[in-house]
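Those letters in the sequence shown? Residues 162 to 430, per the numbering used here, in order.
Data block below; observations after.
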Amino acid sequence: MALEETKAGYYYSAALHIGIAAALAAFAFAGRIFQKPPEQQPVIFQMVEPTPEAPMQPAQQNDAPQYDTIDEPKVKDIKPIDLPAPQPEPQPEPDPKPDAKTPDKSPAPKPKEVEKPAPPKKISIDDFRKKNPAKPRRQPPRARSKPVKIDKISPSTSNLDKFANQSRISVKGGTSSAMKNALGAYAQYINALAKRNWVMPDSIIGMELSCTVMFNVSAAGTISSVRIIKGSGNSDFDESAVRLFKGLRLVPPPDGEPHNISLVFTTEK
């Protein structure tokens with residue numbers, strides 16, 4: 162009997178709950194039907210710059226193989242073992258340092274005293290001039306012309322006659338015969354001196370040539386105005402003769418007067 166009453170009470174309670182739930186659902190549905198729809202608000206749009214999207218990262222794959230876990234057996238507590246304390250390693254003994262020699266504390270030698278030179282003695286100008294007399298200036302020796310030996314000249318005119326065709330020398334009127342011979346010998350001396358100093362050009366070796374040379378001789382024996390008055394036909398020979406007579410150094414004429422002389426100069430030695 163009690164069991165049946167319990168079941169009846171359970172059914173009543175369940176029907177009551179279902180009825181309440183149905184009433185609530187009907188009330189909510191009716192409120193939605195008769196409720197006014199809300200007024201729509203205007204929609205406002207705002208332009209926004211899109212943010213850059215982050216690059217997609219690949220999903221990390223766990224390639225590691227998976228294993229089944231195994232429960233490890235519990236280990237019994239182990240009593241600590243007393244270990245001996247570590248002994249320190251022996252350090253190498255340092256190398257013995259050499260004994261530092263104590264420097265000799267002998268006294269340094271004293272520097273020698275430098276003797277100061279005695280100050281120079283003062284001397285008066287008169288005493289200085291007496292001890293150092295002025296020496297006379299030496300003048301260079303003057304060049305002197307060496308005398309030239311000339312053969313004796315005979316008073317005859319044979320020397321002039323012999324070289325009349327080869328040399329001529331100007332003579333003033335009233336000149337004595339002896340002076341004429343001396344001037345003739347002077348012309349011979351010039352011709353012989355020219356022969357000794359002449360250097361034959363290579364282009365005329367073996368040729369027989371002759372030219373007449375005229376020049377002036379001053380009272381001091383200086384030659385000037387050398388010229389060819391009769392050429393040989395060979396320019397090398399004529400030019401060599403002009404250079405030769407320009408370079409001669411003569412003694413003064415025997416009469417000490419200037420003269421005009423002409424000579425026939427040949428290639429014969």
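We put the beta carbon where it would ideally sit given N, CA and C, even for glycine.
Rounded separation between residue i and residue j - CA only
i, j, result
"Arg-329", "Ser-396", "24 Å"
"Leu-411", "Ala-355", "10 Å"
"Ile-180", "Ala-187", "The amino acid at residue 180 is misidentified as Ile; the sequence shows Gly. Gly-180 and Ala-187: Cα-Cα distance of roughly 11 Å."
"Lys-282", "Val-275", "21 Å"
"Ile-422", "Asn-377", "6 Å"
"Gly-382", "Val-332", "16 Å"
"Tyr-172", "His-178", "10 Å"
"Ser-317", "Thr-336", "Confidence at Ser-317 is low in this model, with a pLDDT of 41, below 50, so the placement of that residue should be treated as unreliable; the coordinate-derived value is given next. Approximately 14 Å between the Cα atoms of the pair."
"Arg-404", "Ala-339", "32 Å"
"Val-309", "Ala-346", "Note that Val-309 scores 46 on pLDDT, short of 50, meaning its location in the model is unreliable and no value can be drawn from it."
"Ala-184", "Ala-169", "23 Å"
"Pro-270", "Pro-255", "41 Å"
"Ala-433", "Ala-175", "Any property of residue 433 remains undetermined from this structure, which presents the chain solely from 162 to 430."
"Pro-272", "Lys-292", "41 Å"
"Gly-417", "Ala-343", "12 Å"
"Leu-409", "Tyr-350", "12 Å"
"Lys-430", "His-420", "26 Å"
"Ser-386", "Lys-341", "23 Å"
"Arg-290", "Ala-348", "59 Å"
"Lys-277", "Asp-287", "29 Å"
"Val-360", "Gly-334", "38 Å"
"Pro-253", "Pro-247", "18 Å"
Residue j beta carbon less than 7 Å from that of residue i
i, j, result
"Phe-406", "Leu-370", "no"
"Thr-373", "Ile-384", "no"
"Pro-362", "Ser-401", "yes"
"Leu-424", "Asn-358", "no"
"Met-375", "Arg-388", "yes"
Residue interval of the beta strand (DSSP E) (run including residue i)
i, result
"Met-375", "371 to 378"
"Ser-385", "384 to 391"
For residue i, the residue or residues it bridges with in DSSP
i, result
"Asn-342", "In the DSSP output, where bridge partners are listed per residue, Asn-342 has none listed."
"Leu-424", "Ser-328, Val-374"
Rounded Cβ spacing between residue i and residue j (contact assumed at less than 8 Å)
i, j, result
"Ala-380", "Pro-413", "6 Å"
"Thr-427", "Ile-365", "Contact flag wrong, Cβ pair sits at about 12 Å."
Range covered by the alpha helix (DSSP H) that runs through residue i
i, result
"Asp-399", "396 to 407"
Cutoff 7 Å: residue i Cβ touching any chain D Cβ
i, result
"Arg-404", "The structure shown contains no chain D, having only a single protein chain."
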